[in-house]
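Input: a single structure, listed below in structure tokens.
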Amino acid sequence: MGILSSMGIGSADVDLVLESERVTAGESLDGTVEVDGGNEAQTVDEIYGALRTAYRTDEGSYTTTITEFTLTEGFTVGAGESLTYDVAIDVPAHTPTTVFGPTEVWIDTGLDIDWAADPDDKDHISVEPPETLRTFHDAVGGLGFDLRTATTVTSTGTQFAREREFVQEFEYEPVAEAYRDDLDELEVVVDAGGDRLDVELEIDATDTLLSERETVTRLTVDEADEDALRERLREEIESSS
Numbered sequence: 007m008g009i010l011s012s013m014g015i016g017s018a019d020v021d022l023v024l025e026s027e028r029v030t031a032g033e034s035l036d037g038t039v040e041v042d043g044g045n046e047a048q049t050v051d052e053i054y055g056a057l058r059t060a061y062r063t064d065e066g067s068y069t070t071t072i073t074e075f076t077l078t079e080g081f082t083v084g085a086g087e088s089l090t091y092d093v094a095i096d097v098p099a100h101t102p103t104t105v106f107g108p109t110e111v112w113i114d115t116g117l118d119i120d121w122a123a124d125p126d127d128k129d130h131i132s133v134e135p136p137e138t139l140r141t142f143h144d145a146v147g148g149l150g151f152d153l154r155t156a157t158t159v160t161s162t163g164t165q166f167a168r169e170r171e172f173v174q175e176f177e178y179e180p181v182a183e184a185y186r187d188d189l190d191e192l193e194v195v196v197d198a199g200g201d202r203l204d205v206e207l208e209i210d211a212t213d214t215l216l217s218e219r220e221t222v223t224r225l226t227v228d229e230a231d232e233d234a235l236r237e238r239l240r241e242e243i244e245s246s247s
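In this text, residue positions in the sequence shown follow this note's numbering: the first is 7, and each later residue adds one.
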């Protein structure tokens, strides 16, 4: 290997090309990885990738890896040669959705070669919520609450802290007359897994002009019946307000 190639200069590079940048959490993305050879032949141990996001804490924002994966086995790419491999990337169910707020999710792709530079192929994707989360969101909206914020935050202080580094948090404000005077907001933390959605629901009720009363309840959503879920949420809210 030449001196420049050993420094990552003139080395092979990789580009992930997705058929679609939109995916539902819990499903997969199809695409190809395109490898362009450098100034001389190189042995590639594998093409690897990582699905990443960023979450907030009181101290700042941190990047974290949702999952890592191998896209190909080892191969040799000749000088100036172009290779293409079909790939499929599984997106875990707990991947935060990007459609409700400013959350970003992306894929970093790199080549495992001697003296490789850090991965510079970065592809942002749009993550749709799984059916259970969309049903939950629609049920809350049907009760007369509007989504105010959706952020990805540290799991510290939630019921999911042992399992997850981060969670997605939604804040809903009451717009229906039935709740406007009695509730300040609903604060919801969720963790999706397969066909179920675990929810930590904080109901902030207004006691007086100067105080609030917070009630935290936990529930599991494992059905796609919006009407039944809406009634279940109504009972939880009214028993706490």
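Backbone N, C-alpha and C define an ideal beta-carbon position, used for all residues, glycine too. On a predicted model such as this, the values are computed, not experimentally measured, just so you know.
- The straight-line gap separating the alpha-carbon atoms of Gly55 and Phe166 is approximately 26 Å.
- Distance from the CA atom of Thr30 to the CA atom of Val159, rounded to whole angstroms, is 20 Å.
- Between the alpha carbons of Gln48 and Ala18 lies a gap of roughly 7 Å.
- For Ser17, there is no enclosing alpha helix (DSSP H), as DSSP gives it neither H nor E.
- It is roughly 12 Å from the alpha-carbon of Ile243 to the alpha-carbon of Arg186.
- The C-alpha of Arg238 lies about 35 Å from the C-alpha of Thr71.
- The shortest CA-to-CA distance from Ser26 to any of Gly32, Thr38, Val50 is the one to Thr38.
- Gly147: member of the alpha helix (DSSP H) spanning 137 to 148, first to last residue.
- For Glu40, the uninterrupted beta strand (DSSP E) segment begins and ends at 34 to 42.
- DSSP, read as helix, strand or coil, puts Ile119 in coil.
- By the 16-neighbour rule on beta-carbons within 10 angstroms, Thr138 is buried.
- Below 8 Å, too few C-beta pairs join the stretch 63 to 78 and the stretch 140 to 153 to call them touching: fewer than three.
- A straight line joining the alpha-carbon of Glu175 with that of Glu193 spans about 7 Å.
- If you check the CB distance, Val23 and Gly116 do not come in under 8 Å.
- With fewer than 16 other CB atoms across the displayed protein chains lying within 10 angstroms of its CB, Gly200 is exposed.
- The Cβ atoms of Phe106 and Leu153 sit closer than 8 Å to each other.
- In the structure shown, Asp233 falls within a helical segment according to DSSP collapsed to helix, strand and coil.
- Straight across, the Cα-Cα distance linking Ile53 with Ala99 is about 24 Å.
- When beta bridges are read from the DSSP output, His130 appears opposite Trp112.
- Rounded to the nearest angstrom, the gap between the Cα atoms of Gly150 and Phe142 is 13 Å.
- One thing to note: Val173 has its Cβ no nearer than 8 Å to the Cβ of Val205.
- DSSP, reduced to helix, strand and coil, places Glu206 within a strand of the structure shown.
- Counting only residues of its own chain and dropping the five nearest sequence neighbours on each side, Asp228 has a CB closer than 8 Å to the CB of Thr138, Asp201, Arg202, Leu203.
- A distance below 8 Å separates the beta carbons of Val111 and Leu57.
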